[in-house]
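Undergrad: Have a look at this one before I ask anything.
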DNA sequence: CCAATTCAAACAAACGTTTGACTGAATCCC
DNA sequence: GGGATTCAGTCAAACGTTTGTTTGAATTGG
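Protein chains in written order, with my numbering: chain A, 5 to 229; chain B, 5 to 229.
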């Protein structure tokens with residue numbers, strides 16, 4: 005059942021959510037048992053049914069919780085961008101885009117939810133459930149739309165422009181892949197973790213890539229009108 | 005003598021592997037039940053223990069099977085590249101790199117194992133098990149090393165060059181992200197599947213990106229010697 | 001005292017695995 | 001050459017464990 009969230013939250017409910025975020029971040033829905041969660045959260049087995057109506061309810065609440073937490077970390081920048089978009093200054097759009105991408109990979113590679121969020125997001129992308137709608141509405145769509153608007157503004161296109169969407173996706177993806185493919189890349193490099201210098205270098209790359217892509221023609225032609 | 009009324013089924017072991025590839029490709033280890041597999045494969049429940057020693061054994065065999073199948077589809081091109089690398093012609097390296105990336109996204113977006121392979125690979129990258137070693141040795145390492153060699157050759161660097169590895173990763177990743185983030189991108193575009201024109205456009209983008217990246221300085225400086 | 005919350009215990013269902021009987025074809029030995 | 005034996009493979013049935021969920025009593029706090 006629905007519970008109002010902003011007045012003082014029951015302690016147990018919050019503990020369950022925090023534990024569930026890391027659990028579902030590492031393993032998938034079937035790989036996480038309810039008993040494992042309540043033990044880690046020092047709660048009783050029936051607390052899940054009581055607070056969330058069941059395991060599925062806990063999972064959905066967890067995804068929503070994560071999406072909000074993650075979005076909150078980007079909210080100031082997204083708002084700043086929305087206001088700047090009014091001015092419609094192409095050069096400023098490019099700058100904001102680079103800056104946002106830098107902050108984004110920072111979250112992915114060194115942020116608080118960098119270990120749990122990718123697991124859930126990429127699993128729901130691969131095999132969408134009810135939870136994907138939450139993820140899309142609260143996190144993916146706002147982010148994707150904002151970046152698309154920046155690209156479109158720079159290029160003097162509509163926010164519905166497919167080429168702007170493709171470029172926004174390509175840019176986001178270029179950052180994301182260093183989180184997803186982390187295991188293999190680190191193994192190739194002979195490292196066990198990214199250093200600050202690595203992240204800095206990646207940011208420089210993203211910045212350079214961004215400025216090149218915005219003027220590149222390859223993704224610019226919408227093949228289907 | 006008795007004539008078979010049905011077309012001859014593959015041996016039980018093979019049938020189990022084929023079913024397991026698609027099953028483990030869609031859901032994760034705990035999300036797939038042994039009974040579900042044997043039913044789809046028209047085999048008996050104890051066939052898994054008999055042929056693979058258990059569910060875990062089936063999973064490992066499935067990953068190996070998939071890695072080999074997928075690698076086989078790229079083998080001719082990889083071999084062609086290895087031979088061309090002897091010549092050490094920079095321009096030829098760039099061409100081969102673009103060509104390989106094009107074939108790679110073709111496999112990911114429209115290939116036979118494009119639906120199952122990514123699920124397994126990205127899951128094992130996120131949370132490596134014994135199966136990741138198989139995947140790395142039989143698929144990821146050969147591919148990554150070959151691309152790194154091409155980059156290194158073009159740039160006149162060593163095959164151990166970190167900057168070459170980073171560039172190879174960035175290039176592969178730029179293709180991969182259009183498979184991983186497919187759900188969200190298609191939703192933004194208002195489509196339900198990529199068209200041939202989309203794939204063609206993506207290939208053009210990858211080609212352009214590749215030629216820009218090879219001469220770009222941002223990933224070129226190895227921060228740590 | 002009452003409503004909200006927690007608790008130990010039990011529930012049926014699904015899980016991976018094991019068992020022992022059974023098959024058909026190849027191999028053996030007299 | 002033919003009955004006995006072996007062996008890989010299949011099958012239905014049952015195993016014990018873990019799963020998510022439910023129950024009803026106990027506890028807590030306003």
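Every residue gets a Cβ at the ideal spot worked out from N, C-alpha and C, and that includes glycine.
Computed from a predicted model, the values in this text were never measured in an experiment.
Have a look at residue 84(B) and residue 99(B) and give me their C-alpha separation to the nearest angstrom.
TA: Near 13 Å, if we compare the C-alpha coordinates of residue 99(B) and residue 84(B).
Undergrad: For the putative contact between residue 206(A) and residue 124(A), defined by C-beta atoms under 8 Å, what is the C-beta separation to the nearest angstrom?
TA: Incorrect: roughly 23 Å between the Cβ atoms, too far for contact.
Undergrad: Indicate whether at least one CB of chain A lies closer than 7 Å to the CB of residue 169(B).
TA: Answer yes: the Cβ-Cβ gap between residue 169(B) and chain A drops below 7 Å somewhere.
Undergrad: Which two residues bound the contiguous alpha helix (DSSP H) that contains residue 63(B)?
TA: Run containing residue 63(B): 59 to 91, per the alpha helix (DSSP H) assignment.
Undergrad: Cα separation between residue 141(A) and residue 131(B)?
TA: Those two C-alpha atoms are separated by around 27 Å.
Undergrad: Under 7 Å, do residue 150(B) and residue 82(B) count as touching if we go by C-beta distance?
TA: It is a contact, given that the beta carbons lie within the stated cut-off.
Undergrad: Evaluate residue 178(A) with the Cβ neighbour count: other Cβ atoms within 10 Å of its Cβ, from every protein chain shown; 16 or more gives buried, anything less gives exposed.
TA: When all chains shown are included, residue 178(A) counts as buried.
Undergrad: Counting Cβ pairs closer than 8 Å, one from the stretch 176 to 190 of chain A and one from the stretch 167 to 181 of chain B, do we hit at least three?
TA: Counting Cβ pairs under 8 Å, three or more are found: they touch.
Undergrad: Hey, is the stretch 20 to 27 of chain B in contact with the stretch 60 to 75 of chain B, meaning 3+ C-beta pairs nearer than 8 Å?
TA: Touching, per the Cβ criterion.
Undergrad: Can residue 27(A) and residue 41(A) be called in contact, C-beta distance under 7 Å?
TA: Contact: yes.
Undergrad: If you follow the alpha helix (DSSP H) that residue 207(A) is part of, which residue opens it and which one closes it?
TA: Looking at the DSSP string, the run of the alpha helix (DSSP H) that includes residue 207(A) is 200 to 219.
Undergrad: Find the nearest neighbour of residue 93(B) within the set 157(B), 136(B), 213(B), 119(B), judged by alpha-carbon distance.
TA: Of 157(B), 136(B), 213(B), 119(B), the residue nearest in Cα terms is 157(B).
Undergrad: Count the other CB atoms within 10 Å of the CB of residue 167(B); is the residue buried (16 or more) or exposed (fewer)?
TA: With 16 or more other Cβ atoms within 10 Å, it is buried.
Undergrad: Checking contacts by CB at 7 Å: is residue 229(A) closer than that to chain B?
TA: With a pLDDT of only 41 at residue 229(A), under the threshold of 50, the placement of this residue in the model should not be trusted; the figure read from the coordinates follows. Output row for residue 229(A): interface = no.
Undergrad: Shortest alpha-carbon distance to residue 63(A) belongs to which of 146(A), 35(A), 46(A), 212(A)?
TA: It is 35(A) whose Cα lies nearest to the Cα of residue 63(A).
Undergrad: At a Cβ cut of 8 Å, what residues of the stretch 172 to 204 of chain B count as close to chain A, listed as they run along the chain?
TA: Cβ contacts with chain A: 173, 174, 176, 177, 178, 180, 181, 182, 184, 185, 186, 187, 188, 189, 191, 192, 193, 199, 201, 202, 204.
Undergrad: With C-beta atoms as the reference, is residue 212(A) less than 7 Å away from residue 222(B)?
TA: Closer than 7 Å, so yes.
Undergrad: Between which two residues does the alpha helix (DSSP H) carrying residue 36(B) extend?
TA: Residue 36(B) -> no alpha helix (DSSP H), and no H or E assigned at all.
Undergrad: Measure the C-alpha to C-alpha separation of residue 118(B) and residue 91(A) and round it to an integer number of angstroms.
TA: So the two alpha carbons sit approximately 43 Å from each other.
Undergrad: Rounded to the nearest angstrom, what separates residue 109(A) and residue 51(A) at their Cα positions?
TA: Distance between the alpha carbons of residue 109(A) and residue 51(A) is about 36 Å.
Undergrad: How about residue 112(A) and residue 128(A): are their beta carbons less than 7 Å apart?
TA: For residue 112(A) and residue 128(A), no; Cβs fall outside 7 Å.
Undergrad: Can you list, in chain order, the residues of its chain whose CB lies under 7 Å from that of residue 105(A), leaving out five sequence neighbours each side?
TA: If we look at residue 105(A) and ignore the five residues flanking it on each side, its Cβ neighbours are 175, 179, 210, 214.
Undergrad: Judging by CA-CA distance, which residue of 133(B), 148(B), 202(B) is the nearest neighbour of residue 188(A)?
TA: Minimum Cα distance to residue 188(A) is reached at 148(B).
Undergrad: Please state whether DSSP places residue 187(A) in a helix, a strand or coil.
TA: Reduced to three states, the DSSP call for residue 187(A) is helix.
Undergrad: Between the C-alpha atoms of residue 136(A) and residue 200(A), what's the straight-line distance to the nearest angstrom?
TA: Their Cα atoms are separated by approximately 32 Å.
Undergrad: Less than 8 Å between the CB atoms is what I'm expecting for residue 143(A) and residue 75(A), so what's the real figure, rounded?
TA: Correct: roughly 5 Å between the Cβ atoms.
Undergrad: Figure out for me which residue from 77(B), 145(B), 39(B), 198(B) has the closest Cα to the Cα of residue 193(A).
TA: Among 77(B), 145(B), 39(B), 198(B), the Cα nearest to that of residue 193(A) belongs to 145(B).
Undergrad: Taking DSSP as the reference, what is the three-state secondary structure of residue 142(A)?
TA: In the structure shown, residue 142(A) sits in a helix (DSSP, three-state: H, G or I).
Undergrad: Classify residue 150(A) as helix, strand or coil using the three-state DSSP reduction.
TA: It is helical.
Undergrad: So within the stretch 157 to 183 of chain B, which uninterrupted alpha helix (DSSP H) runs reach at least 4 residues, ignoring any that extend past its ends?
TA: Listed in chain order, nothing qualifies, since the stretch 157 to 183 of chain B has no complete alpha helix (DSSP H) run of 4 or more residues.
Undergrad: Report the option in 29(A), 33(A), 16(A), 59(A) whose CA atom is closest to the CA atom of residue 250(A).
TA: This structure gives no information on residue 250(A), because the portion of chain A shown stretches from 5 to 229.
Undergrad: Between which two residues does the alpha helix (DSSP H) holding residue 18(B) run?
TA: Note, residue 18(B): alpha helix (DSSP H), 16 to 30.
Undergrad: I'd like to know whether the C-beta of residue 123(B) is nearer than 7 Å to at least one C-beta of chain A.
TA: Closer than 7 Å: yes.
Undergrad: Tell me which residues of the stretch 22 to 36 of chain B have at least one Cβ-Cβ distance to chain A shorter than 8 Å, keeping chain order.
TA: Per Cβ criterion, the list reads 30, 31, 32, 33, 34, 35.
Undergrad: Measuring alpha carbon to alpha carbon, tell me which residue in 61(B), 38(B), 39(B), 66(B) is nearest residue 29(B).
TA: Of the candidates 61(B), 38(B), 39(B), 66(B), the one whose C-alpha sits nearest the C-alpha of residue 29(B) is 66(B).
Undergrad: Does the distance from the CB of residue 120(B) to the CB of residue 25(B) come in under 7 Å?
TA: Yes. Within cutoff.
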